[in-house]
Structure formats: C-alpha cells, structure tokens
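Quick note, the sequence shown lines up with residues 157 to 320 if you use this note's numbering.
Beta carbons are placed, not taken as given, at the ideal position from N, Cα and C, and that holds for glycine.
Right, one structure below, let's go through it.
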Amino acid sequence: MAEILVAYATKSGSTREIAEVVAEQIRHSAHEVTVLDAAEVRSVEPYKAVVLGSALYLGRWRREAVKLLRRNEKLLARKPVWLFHSGPVGPQQVPQRAPRQVREIAARIGAEEPVTFGGRLTRETAAGFLAKRMARTGAAGDFRDWDEIRLWAYVISERLVAAR
Ligand SMILES: Cc1cc2nc3c(=O)[nH]c(=O)nc-3n(C[C@H](O)[C@H](O)[C@H](O)COP(=O)(O)O)c2cc1C
Numbered sequence: 157m158a159e160i161l162v163a164y165a166t167k168s169g170s171t172r173e174i175a176e177v178v179a180e181q182i183r184h185s186a187h188e189v190t191v192l193d194a195a196e197v198r199s200v201e202p203y204k205a206v207v208l209g210s211a212l213y214l215g216r217w218r219r220e221a222v223k224l225l226r227r228n229e230k231l232l233a234r235k236p237v238w239l240f241h242s243g244p245v246g247p248q249q250v251p252q253r254a255p256r257q258v259r260e261i262a263a264r265i266g267a268e269e270p271v272t273f274g275g276r277l278t279r280e281t282a283a284g285f286l287a288k289r290m291a292r293t294g295a296a297g298d299f300r301d302w303d304e305i306r307l308w309a310y311v312i313s314e315r316l317v318a319a320r
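Below is the structure:
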C-alpha cells in the first residue's frame, strides 16, 4: 500500500491532472503515492499522509471531496493533510476561500486552509449551459500554473521527508 494518498474531485478532468502532477512531484522524494478519485476512497486509514483537492463549482467543493473529509475526519486529524482547490479562470487569478464547511473541517483536523490553483475551462471541456456560456467569454482557457503546483507539492514532499 502506498504511503501517500493524493485524492481529487473533478467534473471535467483538470483537477485530476493537477493531482497527478502533485503525485509525480511527491514521488521524486521516493515516496509511494496513490492517486484516486475521492469517490473511490473508502478510508484514509492505510495512508501516512493525505493530499485532497477539489474543483470549485459555484463556490462549492464537489460532494465526493466533502464526503471524504467528513467520513474520515477522525483519521485525518492524526495525519498530515494538505488541501487545494482549483477553479479561478480568466485573466485575474483571485484566491478563493473554501466553503465554510470545508474550512471548519480543515481547522478541526489541523490542516491549513486550501490553497487555490487556477482552473481550466475550454469549449471542449465545458459541460452544461452555464459552462458553455462561460467558455465563450474571456473565462475560457487553461489557467493552471504548473510551476506553482509543482512548487507546492515539492514543499509537501520536503515536509514528508523531514517527518520520516
Ligand atoms: C458552472 C461553473 C461554475 C464554476 N464556479 C466556479 C467558482 O465558484 N469558483 C471558481 O474558482 N471556479 C469556478 N468555475 C471554474 C471551474 O472550477 C474550473 O473550470 C475548474 O478547473 C474545473 O475543474 P474540473 O475540470 O476538475 O472539473 C466554475 C465553472 C463552471 C463551468
């Protein structure tokens, strides 16, 4: 069983790609990492540390990510946990606050508030009326900053090495 879990909640796949890059970076420090859809995580029990990220939709986290947090709260409180969310699209990248429920759980398990990474919204990935409309405006594009994401994951891997 891998030591580190990187779980994600996505609708159009871009948050999964962020999770994969985070996992790849953490693997560089010789940790074993499993990447899973949050909906597939039964329990975080087997893992030494957990990274969880969700896409943001209308200010909310996806249900499966919140469910993972709620169901595993007690276990997560005993492990290092890092949270992120991905969403902001368009030229202005404004950090988003997580929904209150997520912030409250983060505080209870001793995790920092989620960091914000830019999102992706393209005509190809946009599903639904609102998404298609957004994609036709200036919000369309891929605003994920891979250097920023790798740096964040690097800092996590350093902390994990120090905790070994
Ligand atoms: C209907 C809709 C609502 C959205 N609401 C938000 C939001 O509240 N905050 C935000 O930062 N991004 C928002 N976004 C942008 C998405 O979070 C962004 O496209 C993200 O990268 C999607 O992730 P996914 O590909 O993993 O599903 C919204 C996008 C759509 C289509």
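Quiz item: Can you find a heavy atom of ligand 1 that lies under 7 Å from the Cβ of T171?
Solution: As a working note, residue 171 is residue 15 in the sequence shown. Taking the Cβ of T171 as the reference point, at least one heavy atom of ligand 1 falls within a distance shorter than 7 Å.
Self-check item: Whole-angstrom distance between I312 and G209, CA atom to CA atom
Solution: Working through the sequence shown from its first residue, we reach residue 209 at position 53. Working through the sequence shown from its first residue, we reach residue 312 at position 156. Going by the C-alpha atoms only, they are around 14 Å apart.
Quiz item: Which two residues bound the contiguous alpha helix (DSSP H) that contains A287?
Solution: Stepping through the sequence shown from its first residue, residue 287 is reached at position 131. A287 -> alpha helix (DSSP H) spans 285-292.
Quiz item: Would you call the CB atoms of V207 and K235 closer than 8 Å?
Solution: Within the sequence shown, numbered from 1, the residue matching residue 207 stands at position 51. Within the sequence shown, numbered from 1, the residue matching residue 235 stands at position 79. Not closer than 8 Å, so no.
Quiz item: Expressed to the nearest angstrom, what Euclidean distance is found between the alpha-carbon atoms of A262 and E268?
Solution: On the sequence shown, residue 262 is found 106 positions in, with the first residue counted as 1. On the sequence shown, residue 268 is found 112 positions in, with the first residue counted as 1. Taking C-alpha positions only, A262 is separated from E268 by approximately 6 Å.
Practice problem: With hydrogens ignored, establish whether the beta-carbon of T166 is closer than 7 Å to any heavy atom of ligand 1. | Solution: On the sequence shown, position 10 is the one that residue 166 refers to. Indeed, a heavy atom of ligand 1 lies less than 7 Å from the Cβ.
Quiz item: Between which two residues does the beta strand (DSSP E) containing A205 stretch?
Solution: Reading the sequence shown from its first residue, position 49 is the one you call residue 205. First-last of the beta strand (DSSP E) with A205: 205-213.
Self-check item: Where V200 sits in the DSSP three-state scheme
Solution: Position 44 of the sequence shown, counted from the first residue, corresponds to residue 200. In the displayed model, V200 falls within coil according to three-state DSSP, outside both helix and strand.
Quiz item: In whole angstroms, what is the alpha-carbon distance linking M157 and R292?
Solution: Position 1 of the sequence shown, counted from the first residue, corresponds to residue 157. Position 136 of the sequence shown, counted from the first residue, corresponds to residue 292. Bear in mind that a pLDDT of 45 at M157, under 50, signals an unreliable position, so the model cannot answer this.
Quiz prompt | Closer than 7 Å: Q257 CB and nearest ligand 1 heavy atom | solution = By one-based count along the sequence shown, residue 257 stands at place 101. No - ligand 1 has no heavy atom lying nearer than 7 Å to the Cβ of Q257.
Quiz item: Can you give the Cα-Cα distance for P251 and G275, rounded to whole angstroms?
Solution: Here the question's residue 251 lines up with position 95 in the sequence shown. Here the question's residue 275 lines up with position 119 in the sequence shown. Cα-Cα distance, rounded: 11 Å.
Quiz item: Under the DSSP definition of a beta bridge, which residues are partnered with D298?
Solution: Position 142 of the sequence shown holds residue 298. According to DSSP, D298 bridges with R276.
Quiz item: In or out: G284 buried (at least 16 other Cβ within 10 Å) or exposed?
Solution: By one-based count along the sequence shown, residue 284 stands at place 128. Classification for G284: exposed.
Quiz item: Hey, out of G169, L286, G297, whose CA is closest to Q249's CA?
Solution: Residue mapping note: residue 249 aligns to position 93 of the sequence shown, counting from 1. Cα-wise, what sits closest to Q249 is G297.
Quiz item: Which residues in the same chain have their Cβ closer than 6 Å to the Cβ of E321, if we skip the five residues on either side of it in sequence?
Solution: Lying before the first or after the last residue shown, residue 321 is absent from the chain, which here runs from 157 to 320.
Quiz item: Would you report the Cα separation of R256 and R216, rounded to the nearest angstrom?
Solution: Here residue 256 corresponds to residue number 100 of the sequence shown, with the count starting at 1. Here residue 216 corresponds to residue number 60 of the sequence shown, with the count starting at 1. Straight-line spacing of the CA atoms in R256 and R216 works out to 9 Å.
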